[in-house]
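Colleague: Numbering (my numbering), first residue to last: 12 to 339. A virtual CB, placed ideally from N, CA and C, is assigned to each residue, including glycine.
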Amino acid sequence: MAKTNAGILGTGHSYPEGVLTNADLEQIVDTSDEWITTRTGIKQRRKAAPNEYTSQFAVRASREAIERAGLEAADIDLILCATVTPDQILPSTACLIQAQLGANQAAAMDIVAACSGFIYGLSLADTMIRTGQSKYTLVIGAEILTRYVDYTDRGTCVLFGDGAGAAVLGTVEEGRGILAAKIRSDGRYEEQLYAPGGGTKGGFTAETIARGDHFFKMKGNELFKVAVRSMADVSREVLDYAGLKTDDVNLFIPHQANQRITDAVASKLNVDSSIVYSNIAMHGNTSSASIPIGLDECVEAGRVRKGDVILMASFGGGVTWGGAVMRW
Ligand SMILES: CC(C)(COP(=O)(O)OP(=O)(O)OC[C@H]1O[C@@H](n2cnc3c(N)ncnc32)[C@H](O)[C@@H]1OP(=O)(O)O)[C@@H](O)C(=O)NCCC(=O)NCCS
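Here's what the structure looks like:
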């Protein structure tokens, strides 16, 4: 039997119209454009309106990805939606997306792996396609993080933005598609980025809401170090597994968390800044959406050619991390 690989057949992305600039944040919290720019590289981020919700952006990104793959929604047999900001607790956002798309043949489930969620999805899609359990898998990263940001906490509120990215995967010829993917976690670092309210442990009462337990809490400094180490390590691991070197990489799309994190990972890996994608100035950290949005922006800008080697790496709350390398 011929060996099959899973590869990306089409990509898409979508953002809310609303923009929150550093100047806007200066009016809300004790910060400055100068501090945010120099410490993070972020100049603005998208912010959903109160009546907008996660699946709307996911569906727009997915429709684009399905169309570019030359498929119909009914061809999709598996939908994996990576999100930590679902429309609601039950059912999964993936099911709500399945209904809105009319993807009548698809199983659907969410992946809760924070900023690594899209890489988790790629890894699962790769396995499902290579083992013949799925023909066409739709992997989505979609977030409305601004709903869970405490705008009195200057250490977190400047970082996060909203958006969605999607990719349709199917079989591709041997030697192309996903060459290696690795996903990891270490829950001992739970408190580096977490939201304790709203679950069975923390509860969801007037007191938890008044305390702001549902908002993200973060130890930014500690997470910074874990981020750089884990993204660099997993990048080397997937390249080794695929029998490639950093010199073979044509495009590196790291999770967009902080320009200083991106620069430190690129420097550890010894890759030239010209092949490292960054959109953090315009969009901040969109968690699971950041890599698929970045990938689609690169596709749209003509930065990806057939045969190119693309490296992706991410880390996030959990903590989780993961990497993937593919030949386009
Ligand atoms: C959050 C982050 C930008 C903070 O940058 P940093 O250089 O580590 O800054 P520190 O936390 O050490 O704080 C330095 C000072 O800046 C202050 N500061 C923090 N946020 C500020 C803001 N928005 N504006 C102005 N000052 C700020 C702090 O209060 C501190 O002041 P102090 O020295 O008087 O106590 C950075 O640690 C980071 O990006 N970490 C990773 C976070 C991340 O990626 N999270 C998502 C995971 S997917």
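1. Looking at the structure shown, is R314 part of a helix, part of a strand, or coil, going by DSSP?
2. Leaving out five residues before and five after I19 in sequence, what residues of the same chain have Cβ atoms less than 6 Å from its Cβ?
3. For T94 and E154, which I take to be in contact (beta-carbon distance under 8 Å), what is that distance rounded to the nearest angstrom?
4. Which whole-angstrom value describes the C-beta separation of C126 and G327, a residue pair presumed to lie in contact below a C-beta threshold of 8 Å?
5. Give me the Cβ distance between G23 and A72, rounded to the nearest whole Å; I'm assuming they're in contact under 8 Å.
6. Using 8 Å as the Cβ pair cut-off and three pairs as the minimum, do the segment 74-91 and the segment 31-49 touch?
7. Using alpha carbons as the reference points, say which of D274, V249, E308, E311 lies closest to W332.
8. Report the rounded CA-to-CA distance for G128 versus A300, giving the unit in angstroms.
9. Between I122 and L91, which are expected to be in contact by the criterion C-beta below 8 Å, what is the C-beta distance as a whole number of angstroms?
10. Going by DSSP, name the residue or residues bridged to R56.
11. Using a Cβ-based criterion (distance less than 7 Å to any ligand heavy atom), does V160 qualify as near ligand 1?
12. For P97 and R56, what's the separation of their Cα atoms in angstroms?
13. Flag V169 as yes when its Cβ comes closer than 7 Å to any non-hydrogen atom of ligand 1, and as no otherwise.
14. Can you tell me whether DSSP reads Y205 as helix, strand or coil?
15. Just checking, does the segment 310-326 make contact with the segment 210-227 on the three C-beta pairs under 8 Å criterion?
16. Can you tell which of D137, F226, S325, E202 has its C-alpha closest to the C-alpha of D164?
17. Threshold first: 4 residues or longer. Then list the alpha helix (DSSP H) segments lying entirely within the segment 107-182, N to C.
18. Give the DSSP-derived three-state secondary structure of P265 in the structure shown.
19. Please confirm whether any heavy atom of ligand 1 lies closer than 7 Å to the CB of W46.
20. With distances taken Cα to Cα, identify the nearest neighbour of A60 among D173, A253, A335.
21. Classify I108 as buried or exposed, calling it buried when 16 or more other Cβ atoms lie within 10 Å of its own Cβ.
22. Hey, quick one: how far does the beta strand (DSSP E) through K193 stretch, first residue to last?
23. Of all the options C106, A335, D197, which has the alpha carbon lying nearest to the alpha carbon of Y252?
24. In this structure, does DSSP put H225 in helix, strand or coil?
25. Between which two residues does the beta strand (DSSP E) holding L89 run?
26. Using a threshold of 7 Å, is the CB atom of F129 nearer than that to any non-hydrogen atom of ligand 1?
27. What do you get for Q116, buried or exposed, if any count of 16 or more other CB atoms within 10 angstroms of its CB means buried?
28. Quick one: does the C-beta of I304 sit closer than 7 Å to a heavy atom of ligand 3?
29. Looking only at its chain, what residues have a beta carbon closer than 7 Å to the beta carbon of G223, apart from the 5 residues adjacent to it on each side?
30. Identify the residues that DSSP records as bridge partners of N296: which are they?
31. Are any of the Cβ atoms in chain C nearer than 8 Å to that of P303?
32. Let's test the definition: count the other Cβ atoms within 10 Å of the Cβ of D100 and tell me whether it reaches 16, buried, or not, exposed.
33. What is the DSSP secondary structure of V282, reduced to helix, strand or coil?
34. Roughly how many angstroms lie between the CA atoms of G113 and E184, to the nearest whole one?
35. Give me the Cβ distance between M242 and A324, rounded to the nearest whole Å; I'm assuming they're in contact under 8 Å.
Modeller: Walking through what the data contain:
1. By one-based count along the sequence shown, residue 314 stands at place 303. When DSSP states are grouped into helix, strand and coil, R314 belongs to the coil group.
2. Numbered from 1 along the sequence shown, position 8 holds the residue referred to as residue 19. Only A178, L180 meet the Cβ criterion.
3. Position 83 of the sequence shown, counting from 1, holds the residue named residue 94. Position 143 of the sequence shown, counting from 1, holds the residue named residue 154. Correct: roughly 6 Å between the Cβ atoms.
4. Reading the sequence shown from its first residue, position 115 is the one you call residue 126. Reading the sequence shown from its first residue, position 316 is the one you call residue 327. Between C126 and G327, the beta carbon gap of about 3 Å places them in contact (Cβ cut-off 8 Å).
5. Taking the sequence shown and counting its residues from 1, the one referred to as residue 23 is at position 12. Taking the sequence shown and counting its residues from 1, the one referred to as residue 72 is at position 61. Going by Cβ atoms, the distance from G23 to A72 rounds to 4 Å, so yes, they are a contact pair.
6. Judged by Cβ distances under 8 Å, the segment 74-91 makes no contact with the segment 31-49, as fewer than three pairs qualify.
7. Start at 1 with the first residue of the sequence shown, and residue 332 comes out as number 321. That would be V249, whose Cα lies nearest to the Cα of W332.
8. Residue 128 sits at position 117 when you count from the first residue of the sequence shown. Residue 300 sits at position 289 when you count from the first residue of the sequence shown. Computed Cα separation, rounded: 8 Å.
9. In the sequence shown, residue 122 corresponds to position 111, counting from 1. In the sequence shown, residue 91 corresponds to position 80, counting from 1. Beta-carbon to beta-carbon, I122 and L91 are separated by about 6 Å, close enough to satisfy the 8 Å threshold.
10. Here residue 56 refers to the residue found at position 45 when the sequence shown is read from its first residue. Note: R56 sits in a beta bridge opposite L31.
11. Your numbering for residue 160 matches position 149 in the sequence shown. In this structure, V160 has its CB at a distance of at least 7 Å from all heavy atoms of ligand 1.
12. The residue labelled residue 97 in the question sits at position 86 within the sequence shown. The residue labelled residue 56 in the question sits at position 45 within the sequence shown. P97 and R56 have their C-alpha atoms roughly 19 Å apart.
13. What you label residue 169 is simply residue 158 of the sequence shown in a count that begins at 1. Yes, the beta carbon of V169 sits closer than 7 Å to at least one heavy atom of ligand 1.
14. Taking the sequence shown and counting its residues from 1, one reaches residue 205 at position 194. Note: Y205 maps to strand in three-state DSSP.
15. Contact between the segment 310-326 and the segment 210-227 is not established, with fewer than three Cβ pairs separated by less than 8 Å.
16. Within the sequence shown, residue 164 is the residue found at index 153, counting from 1. Per the Cα distances, F226.
17. Qualifying alpha helix (DSSP H) stretches, in chain order: 128-141, 165-168.
18. The residue labelled residue 265 in the question sits at position 254 within the sequence shown. Residue state, collapsed to three classes: strand.
19. The residue labelled residue 46 in the question sits at position 35 within the sequence shown. Checking the Cβ of W46 against ligand 1 gives yes.
20. For this step, residue 60 is matched to residue 49 along the sequence shown. Selected option, being the one with the closest Cα: D173.
21. Position 97 of the sequence shown, counted from the first residue, corresponds to residue 108. Buried, by the Cβ-count rule.
22. Sequence index remark: in the sequence shown, residue 193 carries index 182 (1-based). From DSSP, the beta strand (DSSP E) with K193 extends over 188-196.
23. By one-based count along the sequence shown, residue 252 stands at place 241. Relative to the Cα of Y252, the nearest Cα in the group C106, A335, D197 belongs to A335.
24. Looking up residue 225 in the sequence shown gives position 214. H225 falls in the coil class under three-state DSSP.
25. For this step, residue 89 is matched to residue 78 along the sequence shown. Segment 89-93, the beta strand (DSSP E) holding L89.
26. Here residue 129 corresponds to residue number 118 of the sequence shown, with the count starting at 1. No, since every heavy atom of ligand 1 falls outside the 7 Å radius drawn around the Cβ of F129.
27. For the purposes of this step, residue 116 is taken as the residue at position 105 of the sequence shown. Exposed: under 16 other Cβ atoms inside 10 Å.
28. Judged by which ligands are present, ligand 3 is missing from the structure shown, whose ligands are ligand 1.
29. Taking the first residue of the sequence shown as position 1, residue 223 is located at position 212. Here the set comprises D161.
30. Within the sequence shown, numbered from 1, the residue matching residue 296 stands at position 285. Here N296 is bridged, per DSSP, to F171.
31. Absence of chain C from the displayed structure is noted, only one protein chain being present.
32. Position 89 of the sequence shown, counting from 1, holds the residue named residue 100. The identity of residue 100 in the sequence shown is Ile, whereas the question assumes Asp. Classification for I100: exposed.
33. As a first step, residue 282 must be located in the sequence shown, where it is residue number 271. When DSSP states are grouped into helix, strand and coil, V282 belongs to the coil group.
34. Position 102 of the sequence shown, counted from the first residue, corresponds to residue 113. Position 173 of the sequence shown, counted from the first residue, corresponds to residue 184. Between the alpha carbons of G113 and E184 lies a distance of about 29 Å.
35. Start at 1 with the first residue of the sequence shown, and residue 242 comes out as number 231. Start at 1 with the first residue of the sequence shown, and residue 324 comes out as number 313. Yes, they are in contact, since the Cβ atoms of M242 and A324 sit about 4 Å apart, within 8 Å.
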